[in-house]
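> Position 47 (the sequence shown) corresponds to 47 in UniProt numbering; numbering is contiguous. Every residue gets a Cβ at the ideal spot worked out from N, C-alpha and C, and that includes glycine. Because the structure is a prediction, the values reported are computed rather than measured. Once you've had a glance at the structure underneath, I'll fire off some questions.
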Amino acid sequence: MKIAVIGGTGLIGSQVVKNLNAAGHEAVPHSKSTGVDIINGEGLDEAVAGADVVVNLTNSPTFDEASPAFFQTSMDNLLAAAHKGGVGHVVILSIVGTDQVPELDYYRAKALQEKILAAGPIPYSIVRATQFMEFMDAVLSWTADADSVRLPATPIQPIASKDVAAAVAEVAAGAPLNGIRNIAGPEVFTLDELGRITLSHKGDHRTVVTDPTAGMFAAVKGDVLTDRDAHLAPTRYTDWLS
């Protein structure tokens, strides 16, 4: 199949393109660096024309109140271009529990993206993933100082980006789900516990302080960012760290 991967040069997109091409498909990466802008529409019609499948892995540049507008505009533009180009399947990557955390602007924005896709004219698939292992350093940096890192005890189920990319490629090459597939890592940790594991592995002697008010994930109640019934990926966090 011919598959257009919008956002195809990023962390997930580049791996999705590699996986699809290795499986015998013709996957083409598109991004601002290749002349495709999903917000102003530049190059978008040409990028998706004649594609059997479009995978949209673009992301808002911010996690704040501006993110809903990004997903509204980008999805409106993408679906219009895909419909005009005769695309038969649109795939997006979302977040496990995104509709359960209305307190977070970014999670509301991703829920909006899902809603726009589901209401659109093209068969679709939504892949919801848990938090990427690769983002742990950024999470630690949000509430760190010279001596400590403050983290809430929010349960998360980290997944390696290579496992996310494999799942997205598999869904893109299959029949439209017209629904959601949840994917997650094989283990559940509390975020503060994961912080301690990460710092210990790096030889970082800062103390992790459990603080229910610290960072973006403080707004998350319960275990909505985990899913033990999801399709579980194989990579364990300590193996990924190594």
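With distances taken between CB atoms, is the gap from Ile126 to Ser161 smaller than 8 Å?
Your numbering for residue 126 matches position 126 in the sequence shown. Your numbering for residue 161 matches position 161 in the sequence shown. No, the Cβ-Cβ distance between Ile126 and Ser161 is not below 8 Å.
> Going by DSSP, what residues sit across from His201 in a beta bridge?
Mapped onto the sequence shown, residue 201 falls at position 201. None; His201 has no bridge partner.
> Could you tell me the alpha carbon to alpha carbon distance between Leu215 and Thr143, rounded to whole angstroms?
Position 215 of the sequence shown, counted from the first residue, corresponds to residue 215. Position 143 of the sequence shown, counted from the first residue, corresponds to residue 143. Checking the displayed sequence, the identity of residue 215 turns out to be Gly instead of Leu. Looking at the two C-alpha atoms, the distance is approximately 6 Å.
> Using DSSP bridges, identify the partner residues of Leu151.
Sequence index remark: in the sequence shown, residue 151 carries index 151 (1-based). Thr210.
> Thinking just about the alpha-carbon of each residue, which of Leu112, Asp52, Met1, Leu241 is nearest to the one in residue 255?
As displayed, the chain neither begins before 1 nor continues past 242, which places residue 255 out of reach and without an answer.
> Roughly how many angstroms lie between the CA atoms of Arg128 and Ala82, to the nearest whole one?
Within the sequence shown, residue 128 is the residue found at index 128, counting from 1. Within the sequence shown, residue 82 is the residue found at index 82, counting from 1. Distance between the alpha carbons of Arg128 and Ala82 is about 22 Å.
> Report the rounded CA-to-CA distance for Ala175 versus Val149, giving the unit in angstroms.
Walking along the sequence shown from the start, residue 175 turns up at place 175. Walking along the sequence shown from the start, residue 149 turns up at place 149. Between Ala175 and Val149, the C-alpha separation is close to 44 Å.
> Any idea if Asp105 is buried or exposed, counting beta-carbon neighbours within 10 angstroms, 16 or more meaning buried?
If you number the sequence shown from 1, residue 105 lands on position 105. With 16 or more other Cβ atoms within 10 Å, it is buried.
> Taking only the alpha-carbon atoms, compute the straight-line gap between Pro123 and Ala167 and give it to the nearest angstrom.
Residue numbering aside, residue 123 sits at position 123 when the sequence shown is read from its first letter. Residue numbering aside, residue 167 sits at position 167 when the sequence shown is read from its first letter. One C-alpha to the other measures close to 18 Å.
> Going by DSSP, what residue range makes up the beta strand (DSSP E) through Val48?
Translated into positions along the sequence shown, residue 48 becomes position 48. That residue, Val48, is in no beta strand (DSSP E); its alpha helix (DSSP H) goes 44–48.
> From the DSSP secondary-structure annotation, give me the bridge partner or partners of Ser125.
On the sequence shown, residue 125 is found 125 positions in, with the first residue counted as 1. Paired residues: Val91.
> Measuring only the C-alpha atoms, how far is Thr9 from Leu191?
The residue labelled residue 9 in the question sits at position 9 within the sequence shown. The residue labelled residue 191 in the question sits at position 191 within the sequence shown. Cα to Cα, Thr9 sits roughly 29 Å from Leu191.
> When you compare only the Cα positions, how much space is there between Pro61 and Ile39?
As a first step, residue 61 is located in the sequence shown; it is residue number 61 there, counting from the start. As a first step, residue 39 is located in the sequence shown; it is residue number 39 there, counting from the start. Distance between the alpha carbons of Pro61 and Ile39 is about 12 Å.
> Determine the contact status of Val91 and Val188, defining contact as a CB-CB distance below 8 Å.
Here residue 91 refers to the residue found at position 91 of the sequence shown. Here residue 188 refers to the residue found at position 188 of the sequence shown. For Val91 and Val188, no; Cβs fall outside 8 Å.
> For Thr235, which of helix, strand or coil comes out of DSSP?
Here residue 235 is taken as the residue at index 235 of the sequence shown, counted from 1. DSSP places Thr235 in coil when its eight states are reduced to three.
> Just how far apart, CA to CA, sit Val36 and Val17?
Start at 1 with the first residue of the sequence shown, and residue 36 comes out as number 36. Start at 1 with the first residue of the sequence shown, and residue 17 comes out as number 17. Using only the alpha carbons, I get a separation of about 16 Å.
> Exposed or buried, which one is Lys84 when buried takes at least 16 other CB atoms within 10 Å?
Position 84 of the sequence shown holds residue 84. Under this definition Lys84 is an exposed residue.
> Thinking C-alpha only, which one of Pro186, Arg181, Thr207 is nearest Glu193?
Position 193 of the sequence shown, counting from 1, holds the residue named residue 193. For the residues Pro186, Arg181, Thr207, the minimum Cα distance to Glu193 belongs to Thr207.
> If you run the structure through DSSP and keep just helix, strand and coil, what is Thr62?
On the sequence shown, residue 62 is found 62 positions in, with the first residue counted as 1. Reduced to three states, the DSSP call for Thr62 is coil.
> Hey, Pro121 and Leu79 are a contact pair by Cβ (cut 8 Å); roughly how many whole angstroms apart?
What you label residue 121 is simply residue 121 of the sequence shown in a count that begins at 1. What you label residue 79 is simply residue 79 of the sequence shown in a count that begins at 1. The pair is a contact, with the Cβ atoms about 7 Å apart (cut-off 8 Å).
> What is the rounded straight-line gap between the Cα of Arg196 and the Cα of Pro212?
In the sequence shown, residue 196 corresponds to position 196, counting from 1. In the sequence shown, residue 212 corresponds to position 212, counting from 1. So the two alpha carbons sit approximately 16 Å from each other.
> Can you round the beta-carbon distance between Val220 and Val101 to whole angstroms, since I take them to be within the 8 Å contact cut?
Position 220 of the sequence shown, counting from 1, holds the residue named residue 220. Position 101 of the sequence shown, counting from 1, holds the residue named residue 101. Contact flag correct, Cβ pair sits at about 5 Å.
> Where does Asn178 sit, in a helix, a strand or coil, going by DSSP?
To locate residue 178, count along the sequence shown from 1; it is residue 178. Coil.
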